[in-house]
Amino acid sequence: MSRYARHVALEQVGAPGQERIGESTALIIGLGGLGCATASYLTCAGVGRLLLCDFDTVDETNLGRQTLYGPQDIGQLKAVRAASRLAVMNPDVRLTEIPDRLSGNALIEAVGLADVVLDCCDNFATRFQVNDAAVANRRMLVSGAAIRLEGQLAVFGPDYAKSPCYRCLYQEADESLDSCAGNGVLGPVPGVVGTMMAVEALKIVAGIAVPTGILNIYDDLSTEWCKVKIRRRRNCPACRAD
Ligand SMILES: [Zn+2]
Numbered sequence: 739m740s741r742y743a744r745h746v747a748l749e750q751v752g753a754p755g756q757e758r759i760g761e762s763t764a765l766i767i768g769l770g771g772l773g774c775a776t777a778s779y780l781t782c783a784g785v786g787r788l789l790l791c792d793f794d795t796v797d798e799t800n801l802g803r804q805t806l807y808g809p810q811d812i813g814q815l816k817a818v819r820a821a822s823r824l825a826v827m828n829p830d831v832r833l834t835e836i837p838d839r840l841s842g843n844a845l846i847e848a849v850g851l852a853d854v855v856l857d858c859c860d861n862f863a864t865r866f867q868v869n870d871a872a873v874a875n876r877r878m879l880v881s882g883a884a885i886r887l888e889g890q891l892a893v894f895g896p897d898y899a900k901s902p903c904y905r906c907l908y909q910e911a912d913e914s915l916d917s918c919a920g921n922g923v924l925g926p927v928p929g930v931v932g933t934m935m936a937v938e939a940l941k942i943v944a945g946i947a948v949p950t951g952i953l954n955i956y957d958d959l960s961t962e963w964c965k966v967k968i969r970r971r972r973n974c975p976a977c978r979a980d
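Written out as C-alpha cells, the structure is:
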C-alpha cells in the first residue's frame with residue numbers, strides 16, 4: 739500500500755477506495771495520445787486489470803504526442819508496445835493486450851469484462867460501436883476526444899434508461915472532427931483530456947460520485963473549460979432501442 743499512500747491519505751479514497759481500484763478492470767479502446775495518457779495514470783494508480791485494445795501500429799507521426807512509444811517502436815503493434823512499457827511502471831497491474839479492431843459480439847464481451855470503459859479512439863464509427871456496447875452492458879463510459887486545440891470529455895451511464903448516451907450527443911459522424919491526420923493537434927492536448935479521463939475512471943471505480951451526461955469542452959487558446967448539459971434524445975438508436 740505504500741505505493742498508493744497519497745491515495746490512501748485522501749479522505750475521498752482511503753484504503754477502501756484504493757482496494758476497490760485494485761480490484762477493478764478498465765478497458766481502453768485506442769492507444770493513441772488519449773490512450774497513452776489514460777493508460778499511464780491508471781497503471782500508476784494500481785488498477786487491477788487493464789485491457790489494452792488497439793489494432794494499429796506505431797507510426798513516426800505518432801511520436802509527438804503518444805508518450806508510451808519511441809523510435810524503436812515504429813511499425814510494431816501499439817497494444818504490445820504499450821503493455822511492455824506499462825508493465826515496467828507497475829508490475830502489479832494485469833495487462834491484457836488486444837491488438838484487434840473489436841466489433842460486434844467481441845466488443846460487447848470485452849466491455850462486459852470491464853467496470854469502466856475509456857473511449858480513446860479517433861473515429862466516429864468506433865465511438866458509436868463502443869457506446870452501443872456500453873449501453874448493452876450498462877457500463878460506465880468515459881469518452882474523450884482531442885483535435886487541433888480543443889478537447890472534449892464526457893461520462894455516460896450506467897443508467898441509460900434515464901440518462902443520455904454518446905449517440906444522444908452525436909447522431910452522425912462529423913468528418914471534420916474525425917482524425918488528427920487531416921486536422922492536426924497540439925501534442926499535449928490529448929494528454930490533458932486523457933489525464934482527465936483517468937481521473938473520472940478512478941473516481942468511478944473508487945466509488946466517488948461522477949457527474950454524467952455533461953460535455954466538458956476545453957479550449958486551449960483561451961485555457962477555458964465550458965460545460966454543456968447533454969439532453970437525452972427521444973429517438974436515440976442506442977439508449978432508446980430497448
Ligand atoms: Zn442515447
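Position in the sequence shown (from 1) plus 738 gives the number in the numbering used here. Glycine included, each C-beta is placed from N, C-alpha and C at the ideal position. Model, not experiment: these values are computed from the prediction.
If you check the CB distance, CYS774 and GLN804 come in under 7 Å.
Separation of ALA936 and ASN869 (C-alpha to C-alpha, rounded to the nearest whole angstrom) is 18 Å.
In its chain, beyond the 5 residues on either side, CYS791, PHE793 and ALA844 have a beta carbon closer than 8 Å to the beta carbon of ASP838.
Counting only residues whose CB is nearer than 6 Å to a non-hydrogen atom of ligand 1, the list in chain order is PRO902, CYS903, ARG905, CYS906, ARG971, CYS974, ALA976 and CYS977.
Per DSSP, the continuous alpha helix (DSSP H) segment holding GLU847 begins and ends at 842–851.
Between the segment 955–965 and the segment 874–890 there are three or more inter-stretch CB-CB distances shorter than 8 Å, so the stretches are counted as touching.
Membership of TYR956 in any alpha helix (DSSP H) is not indicated; the residue belongs instead to the beta strand (DSSP E) covering 952–957. Cβ-Cβ distances below 7 Å link LEU833 to LEU788, LEU790, ALA821, LEU824 and ALA825 in the same chain, with the five nearest sequence neighbours on each side left out; the list follows chain order. Checking the DSSP bridge columns, you'll see MET878 partnered with VAL854.
In this structure the segment 888–908 does not touch the segment 845–853; the number of beta carbon pairs closer than 8 Å is below three. An exposed status is given to GLY945, since fewer than 16 other beta-carbon atoms sit within 10 Å of its beta-carbon. For THR834, DSSP records a beta bridge to LEU789. A distance below 6 Å between beta-carbons, with the five flanking residues on each side excluded, links GLY771 to the following residues of its chain, in chain order: ARG803, GLN804 and PRO928. The C-beta of GLY755 has 16 or more other C-beta atoms within 10 Å across all chains shown, which makes the residue buried. Around the beta carbon of ASN875, 16 or more other beta carbons lie within 10 angstroms, which makes this residue buried. The criterion of a C-beta distance shorter than 7 Å is not satisfied by GLY786 and GLU757. In this structure, the alpha-carbon of ARG877 lies about 29 Å from that of GLU962. Here GLU888 carries a strand assignment [DSSP, helix/strand/coil]. Residues ALA783, GLY784, VAL785, LEU940, VAL943 and ALA944 of the same chain have their beta carbon placed closer than 7 Å to that of ILE759, with the five preceding and five following residues left out of the count.
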